[in-house]
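Numbering-wise, UniProt numbering puts 89 at position 89 of the sequence shown, and it's gapless, one number per residue.
The C-beta atom is built at its ideal place from N, Cα and C for all residues, glycine as well.
Notes to accompany the following structure.
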Amino acid sequence: MPDDVVIVPAFGTTLEVEQALKARGVTLTSYNTTCPFVEKVWRRSEEIGKQDYTVVIHGKRYHEETRATFSHAQAGAPVVVVRDLSEAQALAKVISGEKDTAFFFEKFADRFSPGFDPIVHLKRIGVVNQTTMLATETQAIADLLRETIRTRYGDTGDADIGAHFADTRDTLCYATKENQDATLALIADGGDIAVVVGGYNSSNTSHLVELCQQRLPTYFIRDADELLSPKEIRHLELETKQVKTTKDWLIQKSSQQNSHQQSSVPSPENLLTDNRQPTTDNHTTDIVLTAGASCPDVLLDEVLQKIVGWFPNTRSVEEVLESYQDKY
């Protein structure tokens, strides 16, 4: 009904949904919360589409944001979606001529716009992304396709490559990238375990989990309620998409032990058989704690306060922050 309130989320919505709402007399102007970085991707897609480039979207085809970007982009350009670097490598084989059109249509079924012709539409491309994807992977995909185009058409310089590959680096969301870079810095600094806070259906949070679990036992939780006790945690297992409970998740570490010695960190599956036991007041535990970009600060703070409360004789959060305020 025209008087109904419709709120467009940060991911945006499709042109089809917008048109359906307008047909019912519903206005989107006052309640459109689409992220400006998402809208920037839409504008850049429109720009390169007008220059006869095909839009390659790095994203999850049925994620709300990618669906919206796909809808907006296909209004003015051919579009294809690649999920990850592996799929980008498959697309590169089509561009290079190593694989034929039949391979393309099978591999990318339901991920290209109507009327897509790989022979015609992969000669000029530009890469944009679902802003919650790993920025480093988007850049790797863009670099791969750029070099494939260069090899395919024999271009020798940036001026030449521009005839076939649009520069879209300015569409990467700096907020997501900063969060990912900060997480990588935390991991590099060392730790015994990682706790990542965010919604279980959050794409950007899932990518932070992926970064952490490459180096550390990692627990993906929604909020402080998942911290059942110092002995037990409830968390999402990313690979199986199942919520599970793990016992003895806090690792005991001698205060003299080198926290940067990554080889000594067990996997979550080996925690129960590892020689180290849950922490005591005579030992320290280094925890990498981070959260998805859309996770409310209050949820992260509640997790922090609950964990700190399990460690006797520790400084308060306020006391720790004071020392940083004096320093910075």
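C-beta contact flag for Gly126 and Ser45 at 9 Å: yes
Segment contact, 8 Å Cβ cut-off, at least three pairs: the segment 172-190 with the segment 115-122: no
C-beta contact flag for Val94 and Asp223 at 9 Å: no
Contact under 9 Å by Cβ, Ala77 with Val55: yes
Span separating the alpha-carbon of Ala10 from that of Val38: 8 Å
Rounded Cβ spacing between Ile193 and Leu216 (contact assumed at less than 8 Å): 6 Å
7 Å Cβ shell around Ser316 - same chain, five flanking residues per side excluded: none
Outcome for Arg43 when other beta-carbon atoms lying within 10 angstroms are tallied against a minimum of 16: exposed
CB-CB length for Gln180 against Leu134, believed under 8 Å: 6 Å
Straight-line Cα distance separating Tyr153 from Phe220: 45 Å
Backbone CA spacing between Glu137 and Gly25 [nearest angstrom]: 41 Å
Residues bridged to Gln242 (per DSSP): Glu237
Integer-rounded CB distance, given that Glu65 should sit under 8 Å from Gln139: So it is not a contact: roughly 18 Å between Cβ atoms.
Leu208 versus Leu321: straight-line alpha-carbon distance, rounded: 24 Å
DSSP beta-bridge partners of Thr218: Ala194
Simplified DSSP assignment, three categories, for Pro268: Confidence is the limiting factor: at Pro268 the pLDDT is only 37, short of 50, which leaves the residue's position unreliable and the question unanswerable from this model.
Cutoff 6 Å; reference Thr183; Cβ partners in own chain excluding five residues on either side: Leu208, Leu211, Thr290
Enclosing beta strand (DSSP E) for residue 358 [first to last residue]: Residue 358 lies beyond the range of the chain shown here (1 to 328); nothing can be said about it.
CB contact flag (Ala109, Lys99, <9 Å): no
Those residues which DSSP pairs with Val80 across a bridge: Val56, Phe112
Contact belief for Asn204 with Gly97 at Cβ below 8 Å, rounded distance in angstroms: That pair is no contact at about 36 Å.
Candidates Arg61, Ala188, Lys241, of which the one nearest Asp286 by Cα: Ala188
Element boundaries [alpha helix (DSSP H), containing Leu299]: 297-308
Contact belief for Val79 with Ser113 at Cβ below 8 Å, rounded distance in angstroms: 4 Å
Thr240 versus Asp248, Lys247, Ser206, residue with shortest Cα-Cα distance: Ser206
Residues sharing a beta bridge with residue 331, DSSP: Nothing about residue 331 can be read from this structure; the chain reaches only from 1 to 328.
Simplified DSSP assignment, three categories, for Lys231: coil
CB contact flag (Ile7, Thr27, <9 Å): no
Cβ shell of Leu238 (< 8 Å), same chain only, five flanking positions each side left out: Ser206, Val209, Glu210, Gln213, Phe220
Ala102, buried or exposed, once every other Cβ within 10 Å from all chains shown has been counted against 16: exposed
Length of the line joining the Cα atoms of Arg234 and Gly59: 29 Å
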